[in-house]
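Let me begin by presenting the structure, written as structure tokens, before commenting on it.
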Amino acid sequence: MGLWRCGTFSLSFALLLHVFHAKFGVRAGISFTADRRFYRLESRVGRDEAYSGVSIQLLDDNSEPKWREKTRVGTEAPKTEPIEGKAFSERKRVLRRSVRGAPSYRTEYRRAGEEAKGAHPRQSDPHLDTSTFALSGDSAHNQAMVHWSGHNSSVILILTKLYDFNLGAVTESSLWRSSDYGSTYTKLNDKVGSRTVLSYLYVCPTNKRKIMMLSDPEVESAVLISSDEGASFEKHPISFNVLSLLFHPAQENWILAYSHDGKLYSSMDFGKRWQLVHDNVMPGRFYWAVMGLDRESDAVHIETRVAKGRAQYVKCRAQRCTEANRQYLFPGHVDTNSLVVQDEYVFTQVTKSGRASYFVSYMREAFKRMQLPKYCLPKDMHIISTDEKQVLAAVQEWNQNHTYSLYISDSPGVYFTLSLENLRTTRGPTGNLLVDFYTVEGINGMYLANKLVDHRVKTFITFNKGQTWALLPAPAADAAGSNIHCVRPFCSLHLHLEMSENPYMSGPITSKKSVPGIIVATGNIGTELSSTNHGMFITSDAGNSWRQIFDEEHNIWFLDNGGALLAVLRAPTPIRHLWISLDEGKKWDRHTFSLTPFYVDGVLMESESDNHIITFFGHFSHRSEWQLMKIDYKGLFSQRCMDGDYQTWTLHNKGELCVMGEKQIFMKRRPGNPCMLSQDYSRIYSSEPCQCTAYDFECDYGWERRSDGKCSPAFWFDPNGVAKSCSAGQSFLNSTGYRKVLSNNCKEVGTNVYSPRRQGCRPTPPRGLRLTTGGGELSALVGSNVTFVVHLQDGDSLRTSVQLDFGDGIRITYSNLSRADDGIQHAYRATGIYRVTAAAENSLGSDSCVLYLHIISQVERVYLSVPLVAVRGKETNLTVVVWPSHIRTLTFFWWIANSTEPIVTLDGSISYTFQKEGTNKVTVQVASGSAVMQDSRDITVKEFFRSLLLSFSPTLDEHNPDIPEWREDIGRVVQTALSRVSGVPASQLLVSLYPGLPTTAELFILPDVITPNEHKRQTREELQMISDVFVALLNQGRVHFELKVDTRIGVHVTQQTLAPLVDSTALHSGSAMLVLISVVFVGLAAFFIYKFKRKIPWIHVETEDSREKEPEVISTVSQKDDMSKVNLADFPSEKDFMEKELDARKRASLGRNMDRIVTREYPNCTNV
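Numbering (our numbering), first residue to last: -14 to 1153.
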């Protein structure tokens, strides 16, 4: 779900054109694909100049199959056997003599409807001058890049190269230059360095004389710079591999370079020196400043990745993009691959809870949420156009899968209305979305679109910028002159609207601003658009009537400033002929431009110039070298056009002369007049505004067009809602349901029923108060600024006060709501869930709303505190300690033993009863926002056990790093030492060291697992005997271990745990008492244990009852099952735990190192 530039009409895109032909295979075909990696074509050059001065890359069919595309455009090898050896060489020599000497040509005439075979050649008519040049020695090269500067420049540059797909690198290259419009070429390998392997060629769009070439990074990383159209070069090494370049739209020396590792570099001297701008930049999401909008002309708009699926919009200056100089203009994170900077607009996207929201900044002002109809619920959006200060967007609604709907905005790009549903879309070679939508050049507000109607694709046209749409009328006759009976809506003309993936082939549809009203397109006649049986159709009156000119697909270009048409057959076979028309396609003259059939890979021309030069590039056969064929068509014209050579025509829509609010009369050359057009002659003869009618208005936001053409409010929209800034005594313009189509020039006379009406403001109480955060988030990091935005649906904002209670004891009041339009910022100093309340009030009433905000901090560490040994059938406390501490903002997931579902709590402790003996793993996951941390412990479950508290020589404290791994290793060493001294199997012993200092541990003595049930009494007695033995051994100092050489650590008994050996089947419910540990603190300790014994996992309590013969084991946790009754506010802090335990044990537990955690963490065990 990404924003967003439509692959068809992106205003800034990068293009790599691949042309394939098999030089060593049987088939030779040409296919073009688009790839952003190698060439960025600046949008503001416009479609009239897009093909002038643009480089093209040509790749052979020997290239890897992954480059092949479904759509094939070009040529196929002839069926005749290839000429080999000497005969092949002789044939090429003869050809060169024929084309370099007197031009060899033949001209035939054909009117639309005639077969070419029936036309008679006329040798005496004007002809084409043709010459051919072969790039000798480069027949093995399978890629080529061709550039003609245009604008009356005579220089053509060609870079050919051999790309080895096995090595993934260019192994050879040659650079050729022509300074005579392609008549001859000179090889420049010596000028760039005989050992230099060139990979790509770039041309500055604002100064076509400046050329930049990249060497192959496998050989060396360098740029070669020329300021004289390739006559000389300077080489400069670079420290990164260039993936794409972006030239500044006004400054010819300013360049942005994107590297393979996601870094963006800038150069202000045309590539001589480079400086890092930013790293982690998303590919293709960087833009130069738009002149007149951005304050600094060297500003750069960047989308940088900060996490998976999240990015930030950063703006900075190209050479000063340090952290202190960066601007973060959008509050919060945005979706990756969503930033679009285009003309006056900046777009971005934010997805939350699976629903995308789209935001726009107009004229570099604050971002506003784009408002689509309430229940549009968009899944995807692509910007089609931002021309004329209006946004056209293709939106995929919630119930659409393979189609999109066309929406048109107001001038700020905020409020959108539906124009056309179910637009046909396809995917390009790189997966980019292609929308079947075409903007006709030269006619304001005229669009073509392919719409899915009852599972059939039909072509529609609009003359009023999408306000009304109609099917295209079919021609009255086909190309052969036979009548066609086709009546709308059952039958109509349908056109292919895709843009050419190769800028040197015309593509399926062509129009030019310099030739208003003429459209040439590939299509068919019938009930729907067909992928076969294509013909070529033309209109000379802006789509009101159409004629079929060819019954096969052709590439068609405009020549002579739009006064002539050139057609070249689009076929998989080589060709020798081209067709030229001087009368808008009514009559076509066939010219033979080559004696030998020629595979045309592309055509270079400058239609709006005085040189009248065409350059064909391609090859004669699949084994031949690259050929460049220069064609001069100036001989087709007798003189320059004079005033009497022109005529006028009137733009209309089915006879209606007012189109987009004005009557327009255009001027064009009289059809068939063989004179050359002046480059600067005016196409518009006159323009007169019309009086506004319903056709000049579209439905306003919240209104929908009915079947009768009128606009009515949608069911979800309240047309009587008053703007919040409207105060009593004032007036405002209230919509009548219509808004004037942008760029419509109609003149409003008197009272217009469609124009907004001025209405007096009525005092109203505040209604529809909403409180949100700036980014829509319901959580924020502690200490960060949170922006609160108060929205009022209805009410007098100038007379309505608003109070905001942040929930942390701070309140703020504004005398009127308009003062809070920019948002209210507040920072929270502690974690928690805060109830934020907004209240609006005026003399007529009040309204309020509440927002619950989670203030969190990043979890740095979690520690699971559980008993090492638990009693079967008894509740056991499981507690997790989190650093830093959080209050009610974490979620805990408890995975116990082999459970498939976790226990989810909001508290950091639970009680659990283990029913089976053995080892059980307990894992807790702590979720804080999108971050999750976890810790795990093993618990041994037995029916009874015995435990002792251990202490160590003070020397051990000096070597205690206080980390879990160290405690586990020391416990294992102590366990081995106890087993060796006493002879008790190590499987019956467990030693657990406490965190913190001084170093202490607890010894657990377990019953032998193989003892039969009938001998349980004996086993309990044996445990008592083993405990007594350990006490004696420890008191005698016989238990010790070596920590390191000459460092012996003694193990001692601190005190025996107070629980005698008991029968675990006996349960008692008497009050808990704490056995006297310290005489000084006995009262305090008793109260503390009594109050918190059910919540503190490391407190072990023994209860004695004088009436019982045998004491019982008391569970270390509460017997209650209702865990939700535990109040975290009553739970003492970790500091309290530490102080009380240390006092009880009469220990001073200050660590030697202040960086250590000195809070004691005791296991939840003992007492049996």
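Idealized CB from N, CA, C, for every residue including glycine.
>> Could you compute how far the alpha carbon of Arg340 sits from the alpha carbon of Val851?
In response: Start at 1 with the first residue of the sequence shown, and residue 340 comes out as number 355. Start at 1 with the first residue of the sequence shown, and residue 851 comes out as number 866. Rounded to the nearest angstrom, the two C-alpha atoms are 42 Å apart.
Q) Going by C-alpha distance, which of Val917, Trp273, Ser164, Arg311 is nearest Gly135? A) Counting from one through the sequence shown, the residue named residue 135 turns up at place 150. Residue Ser164 is the option with its Cα nearest to Gly135.
### Query
Between the Cα of Pro869 and the Cα atoms of Cys643, Val909, Ser913, which residue gives the shortest distance?
Walking along the sequence shown from the start, residue 869 turns up at place 884. The candidate whose alpha carbon is nearest that of Pro869 is Ser913.
| message | Here's the rule: buried if 16 or more other CB atoms are within 10 angstroms of the residue's CB, otherwise exposed. What is Ala916? | response | Residue numbering aside, residue 916 sits at position 931 when the sequence shown is read from its first letter. Exposed: under 16 other Cβ atoms inside 10 Å.
Next on the checklist: Give me, in chain order, the residues of the same chain whose beta-carbon lies closer than 6 Å to that of Gly215; leave out the 5 immediate sequence neighbours on both sides.
Outcome noted: The residue given as residue 215 occupies position 230 in the sequence shown. Cβ neighbours of Gly215 beyond the five flanking positions: Leu142, Arg162, Ile196.
Review point. For the segment 927 to 1007, which segments carrying the alpha helix (DSSP H) assignment without a break, of at least 4 residues, lie completely within its bounds, in sequence order?
Key: 940 to 943, 949 to 967
Can you tell me whether DSSP reads Ile287 as helix, strand or coil?
As a working mapping, residue 287 is identified with position 302 in the sequence shown. Here Ile287 sits in strand by DSSP.
> Is the CB-CB distance between Leu730 and Met645 below 8 Å?
Replying inline: In the sequence shown, residue 730 corresponds to position 745, counting from 1. In the sequence shown, residue 645 corresponds to position 660, counting from 1. As written in the sequence, residue 730 is Asn, which differs from the Leu given in the question. Contact flag set, yes.
Nearest-angstrom beta carbon gap, Lys450 and Val726 [assumed within contact, 8 Å]: Residue mapping note: residue 726 aligns to position 741 of the sequence shown, counting from 1. Residue mapping note: residue 450 aligns to position 465 of the sequence shown, counting from 1. Right, their Cβ atoms sit about 5 Å apart.
#### Entry: Minimum C-alpha distance to Ser396 - residue among Leu403, Glu373, Pro992
Counted from its first residue, the sequence shown places residue 396 at position 411. Nearest option by C-alpha distance: Glu373.
So, at 6 Å on beta carbons, what are the nonlocal neighbours of Ala242 in its own chain, with the 5 sequence-adjacent residues on each side left out?
Counted from its first residue, the sequence shown places residue 242 at position 257. Only Val227, Leu230, Tyr250 meet the Cβ criterion.
Next on the checklist: Using the Cβ count rule (16 or more neighbours within 10 Å means buried), how would you classify Trp573?
Outcome noted: By 1-based counting over the sequence shown, the position of residue 573 is 588. By the 10 Å Cβ count, Trp573 comes out buried.
How long is the line joining the alpha carbons of His1025 and Val976, rounded to whole angstroms? Locating residue 1025 in the sequence shown gives position 1040, where the first residue counts as 1. Locating residue 976 in the sequence shown gives position 991, where the first residue counts as 1. Cα to Cα, His1025 sits roughly 14 Å from Val976.
Taking the beta strand (DSSP E) that Asp574 belongs to, which residues open and close that run?
For this step, residue 574 is matched to residue 589 along the sequence shown. Taken as a continuous stretch (DSSP letters only), the beta strand (DSSP E) holding Asp574 covers 572 to 577.
ask   = What are the boundary residues of the beta strand (DSSP E) that includes Asn719?
value = Stepping through the sequence shown from its first residue, residue 719 is reached at position 734. Where Asn719 is concerned, the enclosing beta strand (DSSP E) stretches over 716 to 719.
- Query: Using the rule of at least 16 other Cβ atoms within 10 Å of the residue's Cβ for burial, across every protein chain shown, is Trp259 buried or exposed?
  - Reply: Position 274 of the sequence shown, counted from the start, is the residue given in the question as residue 259. The residue is buried, with at least 16 neighbouring Cβ atoms inside 10 Å.
### Query
Along the chain, where does the alpha helix (DSSP H) that runs through Val177 open and close?
Counted from its first residue, the sequence shown places residue 177 at position 192. Its alpha helix (DSSP H) spans residues 174 to 177.
> Expressed to the nearest angstrom, what Euclidean distance is found between the alpha-carbon atoms of Ile661 and Glu689?
Replying inline: In the sequence shown, residue 661 corresponds to position 676, counting from 1. In the sequence shown, residue 689 corresponds to position 704, counting from 1. Inspection of the sequence shows that residue 661 is occupied by Met rather than by Ile. The straight-line gap from Cα to Cα measures roughly 50 Å.
Query raised in the report: Can you tell me whether DSSP reads Met590 as helix, strand or coil?
Result: Position 605 of the sequence shown holds residue 590. In this structure, Met590 counts as strand in the three-state DSSP scheme.
_In chain order, what are the residue ranges of uninterrupted beta strand (DSSP E) at least 3 long that sit wholly in the segment 189 to 217?_
196 to 200, 207 to 211
Nearest candidate by alpha-carbon position, reference Leu853, set Arg931, Val380, Met348:
Sequence index remark: in the sequence shown, residue 853 carries index 868 (1-based). Residue Arg931 is the option with its Cα nearest to Leu853.
Apart from the five residues just before and just after Val1014, which ones in its own chain have a Cβ nearer than 7 Å to its Cβ?
Stepping through the sequence shown from its first residue, residue 1014 is reached at position 1029. Here the set comprises Ser967.
- Message: Please report the straight-line C-alpha distance between Tyr666 and Leu357, rounded to a whole angstrom.
- Response: Along the sequence shown, one-based indexing puts residue 666 at 681. Along the sequence shown, one-based indexing puts residue 357 at 372. Cα-Cα distance, rounded: 43 Å.
Exercise for review: With DSSP as the reference, label Ala1017 as helix, strand or coil.
Suggested key: As a working mapping, residue 1017 is identified with position 1032 in the sequence shown. Of the three classes helix, strand and coil, the one that applies to Ala1017 here is helix, per DSSP.
**OP:** Measuring alpha carbon to alpha carbon, tell me which of Glu591, Arg654, Ala971 ends up nearest Asn137.
**Re:** The residue given as residue 137 occupies position 152 in the sequence shown. Checked all of Glu591, Arg654, Ala971; the closest Cα to Asn137 is Glu591.
Practice task
Quick one: residues in its chain with C-beta nearer than 6 Å to the C-beta of His562, no 5 flanking neighbours on either side, listed in chain order?
Solution key: For this step, residue 562 is matched to residue 577 along the sequence shown. The answer, listed in chain order, is Arg575, Thr577.
(message) Given a cut-off of 8 Å on the beta-carbon distance, is the pair Leu988 and Leu935 in contact?
(response) For this step, residue 988 is matched to residue 1003 along the sequence shown. For this step, residue 935 is matched to residue 950 along the sequence shown. In this structure, Leu935 lies closer than 8 Å to Leu988 by Cβ.
Exercise. Classify Leu1215 as helix, strand or coil using the three-state DSSP reduction.
Key: The structure shown does not extend to residue 1215, since the chain spans only -14 to 1153, so no value can be given for it.
Q: Could you check if Lys257 is buried or exposed, using at least 16 other CB atoms within 10 Å of its CB as the buried criterion?
A: In the sequence shown, the residue the question calls residue 257 occupies position 272. The residue is exposed, with fewer than 16 neighbouring Cβ atoms inside 10 Å.
**Asked** Taking the DSSP output, what are the residues bridged to His839?
**Response** The residue labelled residue 839 in the question sits at position 854 within the sequence shown. His839 is bridged to Ser764, Ile818.
Can you tell me which residues form a DSSP beta bridge with Val787? Translated into the one-based positions of the sequence shown, residue 787 becomes position 802. In the DSSP output, where bridge partners are listed per residue, Val787 has Tyr799, Ala825.
- prompt: For His839, which of Glu845, Tyr848, Thr816 has the nearest alpha-carbon?
  reply: The sequence position of residue 839 within the sequence shown is 854, counting from 1. That would be Thr816, whose Cα lies nearest to the Cα of His839.
Could you tell me which residues DSSP pairs with Asn905 in its beta bridges?
-> Looking up residue 905 in the sequence shown gives position 920. For Asn905, which the question treats as bridged, DSSP gives the partners Ile924.
Skipping 5 residues on each side, what residues in its chain have a beta carbon closer than 6 Å to that of Tyr680? What you label residue 680 is simply residue 695 of the sequence shown in a count that begins at 1. Only Asn449 meet the Cβ criterion.
Inset, instruction - Consult DSSP for Lys293 and reduce its assignment to one of helix, strand or coil. - result: Position 308 of the sequence shown, counted from the start, is the residue given in the question as residue 293. Three-state DSSP puts Lys293 in coil, outside helix and strand.
- prompt: Just the Cα atoms here: how many angstroms apart are Asp123 and Leu419?
  reply: Taking the first residue of the sequence shown as 1, we reach residue 123 at position 138. Taking the first residue of the sequence shown as 1, we reach residue 419 at position 434. The straight-line gap from Cα to Cα measures roughly 36 Å.
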